[in-house]
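Inspection log for the structure reproduced underneath, given as structure tokens.
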Amino acid sequence: MKSIKTKLALFVSCLCIVLILLVWLLTVALFESNYTRSIRKELSAQVASVAAVLESDDARGAGLGELFRQIQPLVKTGVCVDVSATDACIAQRGYVTSGGLPLSGYRALFVLEGIGDGCQLHPFSSQGFWGEQREWDSGDVIFWRQMTAQEGRLSKTLFDQRTTPYRQQQVMGLLTSSGYIVLASTNLERVDQAMSVVSNQLVLITVILLAVSIVSALLFARWFTRPVTQLSSAAKQVAAGNYDVAVDIRSQDELGALARDFNYMTREIAKSTQLQRELIANISHDLRTPLTLIKGYAETIRDLDGEDKVRRDADLSIIVDESDRLSVLVNSVMELSKYSSGAARPALSRFDLAELTADVLRRYADRAEKEHFSLSQDGLEEAEVIADPVQIGRVLHNLVSNAIPHLPEGGCVTVRLIAKAGAIRAEVADNGSGIEEKELPFIFDRYYRARSDAGKRGSGLGLSIVKAILVAHGAPFGVQSAVGVGSTFWFELPAPAPALPPKAPREPRPSSRREAKGPAGPGTTRGNKK
Numbered sequence: 001m002k003s004i005k006t007k008l009a010l011f012v013s014c015l016c017i018v019l020i021l022l023v024w025l026l027t028v029a030l031f032e033s034n035y036t037r038s039i040r041k042e043l044s045a046q047v048a049s050v051a052a053v054l055e056s057d058d059a060r061g062a063g064l065g066e067l068f069r070q071i072q073p074l075v076k077t078g079v080c081v082d083v084s085a086t087d088a089c090i091a092q093r094g095y096v097t098s099g100g101l102p103l104s105g106y107r108a109l110f111v112l113e114g115i116g117d118g119c120q121l122h123p124f125s126s127q128g129f130w131g132e133q134r135e136w137d138s139g140d141v142i143f144w145r146q147m148t149a150q151e152g153r154l155s156k157t158l159f160d161q162r163t164t165p166y167r168q169q170q171v172m173g174l175l176t177s178s179g180y181i182v183l184a185s186t187n188l189e190r191v192d193q194a195m196s197v198v199s200n201q202l203v204l205i206t207v208i209l210l211a212v213s214i215v216s217a218l219l220f221a222r223w224f225t226r227p228v229t230q231l232s233s234a235a236k237q238v239a240a241g242n243y244d245v246a247v248d249i250r251s252q253d254e255l256g257a258l259a260r261d262f263n264y265m266t267r268e269i270a271k272s273t274q275l276q277r278e279l280i281a282n283i284s285h286d287l288r289t290p291l292t293l294i295k296g297y298a299e300t301i302r303d304l305d306g307e308d309k310v311r312r313d314a315d316l317s318i319i320v321d322e323s324d325r326l327s328v329l330v331n332s333v334m335e336l337s338k339y340s341s342g343a344a345r346p347a348l349s350r351f352d353l354a355e356l357t358a359d360v361l362r363r364y365a366d367r368a369e370k371e372h373f374s375l376s377q378d379g380l381e382e383a384e385v386i387a388d389p390v391q392i393g394r395v396l397h398n399l400v401s402n403a404i405p406h407l408p409e410g411g412c413v414t415v416r417l418i419a420k421a422g423a424i425r426a427e428v429a430d431n432g433s434g435i436e437e438k439e440l441p442f443i444f445d446r447y448y449r450a451r452s453d454a455g456k457r458g459s460g461l462g463l464s465i466v467k468a469i470l471v472a473h474g475a476p477f478g479v480q481s482a483v484g485v486g487s488t489f490w491f492e493l494p495a496p497a498p499a500l501p502p503k504a505p506r507e508p509r510p511s512s513r514r515e516a517k518g519p520a521g522p523g524t525t526r527g528n529k530k
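Read left to right, the sequence shown gives residues 1 to 530 (full-length UniProt numbering).
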């Protein structure tokens, strides 16, 4: 099986190769057309600049020699410019030509030859001339002058069939408003030369890019997978039972967030494992004590007190009490498991929280009288909420029973119901020993027992059950406490939306028409005109 590092390196390398091939494809397929388009654009600008000089006011009184000198600096290297004019234009401007035959009403004025011997329009001229020269007028140039005169604008590619491979020449033509015909042409051999240079460069660039991409892919894969490798190694250590491992990844990306979550997970697992060990120790002690008592008193009844009814009943009462204590411990563990796993989902209904609170407090009335503490209920007399009444009753029961062992002689447990915006807040307050501030963040954790609870009966699951139930309800909850003052545990439940008041009956609006009231009797007519 290939590792992620290998797969990532192969992916990055293949991506670079695909990009290089794409560059080759685009260069080979589009270079010639783009380059030709650029040449045509340059020739079009060349023709426009020459035409602008010919049509300028300064050119009206200038001779051919003067025009030749004005246009010559505008012609770029490798470009041939051929200028001719109609007989009417020549007569109007007063140009004097050196004779020659008229060519379908057009006469050549001058040529600025920049291509050289390879020019297909002027094969016999290799420099600039002004004045009409017969050798300029090859069949090709005469034809393209005529085509330009007919169409007004020309753009053609010529092929010289005398050469192998065919030599190409781009021609651009323009007929000005005054009757000038401007032809500009250039060889396209530069395209092949440029393409050859680019191809040679691409070979070198491809080799360099391939080497760089492969090395970069390997380095990138190693750098990218290093956090994953660290997480994998740490996960194996956690699986082996080492919860002190931590992943040192400080990046602010998703891998960094994953590392922070992993470290948080290991801390929580370590804390939960420690609490479970304490729970096992506590429950083992709590189970061993009643089991020892049950066994001892059962043996006493069997061996000594079987005939003494009074002593036998007393021993049996102790056995029953210790059995109840065992049942409470087992039920607490099972109850927490049920709520934490989500097996006991809240069955929401509308009920009176004040009535439920009073019912819970009544269950502790006898105990309060025996142990000399008081119970009270303050706040709202009616407090309708939407929740599971059975589970919320369990919450109140756990909070009250959790407060009682911490009360001083003559202490008090008070349950307050307070109306909030769209909710009812329940507070279970006591004036007991209180909880240290450093223990408050952990007080609802499962298996947790505060130091003040050391040696007291209980599994440490009561508040964990409260948390599981309230989390399932989506209800906010918390605790406020101070050592020597007491503690207040609170939670909030949603209140039903108040019913809208009934709408007042709408009074009938007076009608502008007369209507018959009551049934039509004798002598009564409706809708009949007299």
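Just so it is clear, CB atoms sit at the ideal spot from N, CA and C, and this is done for glycine as well.
If contacts are defined as beta-carbon pairs under 8 Å, then L356 and I386 qualify, I think. What distance do you get, rounded to the angstrom? The Cβ separation is near 13 Å, so there is no contact.
Here's the rule: buried if 16 or more other CB atoms are within 10 angstroms of the residue's CB, otherwise exposed. What is N242? exposed
Buried or exposed: L83, going by 16 or more other Cβ atoms within 10 Å of its Cβ? For clarity, residue 83 is Val in the given sequence; the question names Leu instead. So V83 counts as buried.
How is D321 classed by DSSP in three states: helix, strand or coil? helix
Does the beta-carbon distance from L171 to K156 come in below 8 Å? Rather than Leu, the amino acid found at residue 171 in this sequence is Val. It is a contact, given that the beta carbons lie within the stated cut-off.
Rounded to the nearest angstrom, what separates I424 and P494 at their Cα positions? 6 Å
Take A259 as the anchor and find which of T77, V182, S272 and L231 has the nearest alpha-carbon. L231
Y297 and D315 closer than 8 Å at C-beta: yes
For D430, count neighbouring Cβ atoms within 10 angstroms of its own Cβ and tell me buried if that reaches 16, exposed if not. buried
What did DSSP end up calling Q120 once you bin it into helix, strand or coil? coil
A257 beta carbon less than 8 Å from that of V245: no
By Cβ distance, which residues of its chain are closer than 6 Å to K76, with the 5 residues on each side in sequence left out? none
What is the rounded straight-line gap between the Cα of V18 and the Cα of L210? 11 Å
Option nearest G462 by Cα separation, candidates V328, G432 and V390: V328
Taking DSSP as the reference, what is the three-state secondary structure of K420? strand
Quick check on this structure: which residue in G432, L399 and A419 has the alpha carbon closest to the alpha carbon of E409? G432
To the nearest angstrom, how far is it from the Cα of L174 to the Cα of E55? 12 Å
In the DSSP assignment, the beta strand (DSSP E) including G486 goes from what residue to what residue? G486 to P494
Report yes or no: do the segment 40-57 and the segment 141-150 share at least 3 C-beta pairs separated by less than 8 Å? no
Please classify S284 as buried or exposed, where buried requires at least 16 neighbouring CB atoms within 10 angstroms. exposed
Can you say whether A9 is buried or exposed, counting buried as having 16 or more other CB atoms within 10 angstroms of its CB? buried
Skipping 5 residues on each side, what residues in its chain have a beta carbon closer than 8 Å to that of G455? In this predicted model, G455 has a pLDDT of only 47, less than 50, meaning its place in the structure is not dependable enough to derive any value.
Whole angstroms is fine: what's the gap from C119's alpha carbon to W24's? 33 Å
Starting from the Cα of V198, find the closest Cα among V81, F31, L218 and L64 and give me that residue. F31
Could you check the C-alpha separation between K309 and F491 for me, to the nearest Å? 50 Å
Between the alpha carbons of N263 and I435, how many angstroms are there, rounded? 29 Å
Beta bridge counterpart(s) of Q169 as assigned by DSSP: L158 and N187
Strictly by DSSP, which residues pair up with C80? S185
Give the single residue among Q377, L293, S332 and A108 whose Cα lies nearest to the Cα of S317. L293
Let me check understanding here. Comparing Cα to Cα, which of T266, Y35 and R107 lies closest to A239? T266
On a Cα-Cα basis, can you pick out the residue from V12, T86 and D324 that is closest to F224? V12
Residue nearest to L218 in terms of C-alpha spacing, selected from K5, L440, A472 and L470: K5
Determine, using beta-carbon pairs with one atom in the segment 351-371 and one in the segment 478-492, whether at least three such pairs fall under 8 Å. no
Span of the beta strand (DSSP E) holding L375? S374 to G379
When the Cα of E371 is compared with those of I404, R302 and R345, which residue comes out closest? I404
How should T273 be labelled, buried or exposed, when 16 other C-beta atoms within 10 angstroms of its C-beta is the threshold for buried? exposed
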